[in-house]
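Asks: This structure is in structure tokens; I'll ask about it shortly.
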Ligand SMILES: Cc1cc2nc3c(=O)[nH]c(=O)nc-3n(C[C@H](O)[C@H](O)[C@H](O)COP(=O)(O)OP(=O)(O)OC[C@H]3O[C@@H](n4cnc5c(N)ncnc54)[C@H](O)[C@@H]3O)c2cc1C
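Residue numbers (my numbering): 1223 to 1412.
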């Protein structure tokens, strides 16, 4: 892997194996994938920590008021200004996303004609992505018994344990899983 170097104004130079710019779903997941290698990794993040406050959880401030959106103005190819809806925080927009985790369909990787114009084909297809979708879906805060990796006494059995959104009639699966986790807990508590 190529080595990058980062110069400091005091003349000291730090060397990293990898420098990742941005800490959201993309950068954060890349860091998580590379971390066990023991390589020296630098994460660069332009945003500050998102304040912990009830507005983070409220659709009004988040979606309607755009309280956490950056004040940037970007310009399109035609010179027209637009607000890019970016969120500059540690964790990025991913810090407040709704966790509705859909895969693209196979057809979505091909060229699609939309009302507003064509969406070009990807150089990769669904089959190329499939193993990585599966891996991404299992990158979670819970182990297979639905226990939080970092807390020994916290189990999650509502539909938020689903690796993708549990929006359409998920109750029986939630109940079956709760029985599965319950039986595990009974064994553990025995
Ligand atoms: C309220 C809300 C709800 C959402 N709900 C869903 C959902 O349910 N399901 C879903 O799939 N998607 C959802 N999304 C969209 C999803 O969150 C984003 O598409 C996804 O998180 C983007 O990940 P990313 O890594 O591309 O960018 P981000 O998570 O935004 O990360 C980019 C990071 O790069 C940093 N950065 C940018 N420029 C620089 C620079 N020059 N130097 C250093 N750092 C820099 C930014 O500060 C930011 O931290 C939602 C978004 C919002 C705002």
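A virtual CB, placed ideally from N, CA and C, is assigned to each residue, including glycine.
Taking 7 Å as the line, does the beta carbon of residue 1295 fall inside it for any heavy atom of ligand 1?
Replies: Walking along the chain shown from the start, residue 1295 turns up at place 73. No - ligand 1 has no heavy atom lying nearer than 7 Å to the Cβ of residue 1295.
Asks: Using only the alpha-carbon positions, how far apart do residue 1224 and residue 1263 sit?
Replies: Taking the first residue of the chain shown as position 1, residue 1224 is located at position 2. Taking the first residue of the chain shown as position 1, residue 1263 is located at position 41. Residue placement at residue 1224 cannot be trusted, given a pLDDT of 46 that sits under 50; the coordinates are not used to answer.
Asks: What residue range does the beta strand (DSSP E) around residue 1336 cover?
Replies: Locating residue 1336 in the chain shown gives position 114, where the first residue counts as 1. Run containing residue 1336: 1334-1336, per the beta strand (DSSP E) assignment.
Asks: In terms of residue numbering, what span does the alpha helix (DSSP H) encompassing residue 1248 cover?
Replies: Residue mapping note: residue 1248 aligns to position 26 of the chain shown, counting from 1. Looking at the DSSP string, the run of the alpha helix (DSSP H) that includes residue 1248 is 1247-1256.
Asks: Do you know how far the Cα of residue 1320 is from the Cα of residue 1311?
Replies: Counting from 1 along the chain shown, the entry for residue 1311 is found at position 89. Counting from 1 along the chain shown, the entry for residue 1320 is found at position 98. Distance between the alpha carbons of residue 1311 and residue 1320 is about 16 Å.
Asks: Would residue 1213 and residue 1249 be called neighbours here (beta carbons separated by less than 8 Å)?
Replies: Nothing can be reported for residue 1213: it is not among the residues displayed for the chain, which extend from 1223 to 1412.
Asks: Identify every residue that forms a DSSP beta bridge with residue 1296.
Replies: Counting from one through the chain shown, the residue named residue 1296 turns up at place 74. According to DSSP, which records beta bridges pairwise, residue 1296 is partnered with 1304.
Asks: Between which two residues does the beta strand (DSSP E) containing residue 1340 stretch?
Replies: Counting from 1 along the chain shown, the entry for residue 1340 is found at position 118. Looking at the DSSP string, the run of the beta strand (DSSP E) that includes residue 1340 is 1339-1341.
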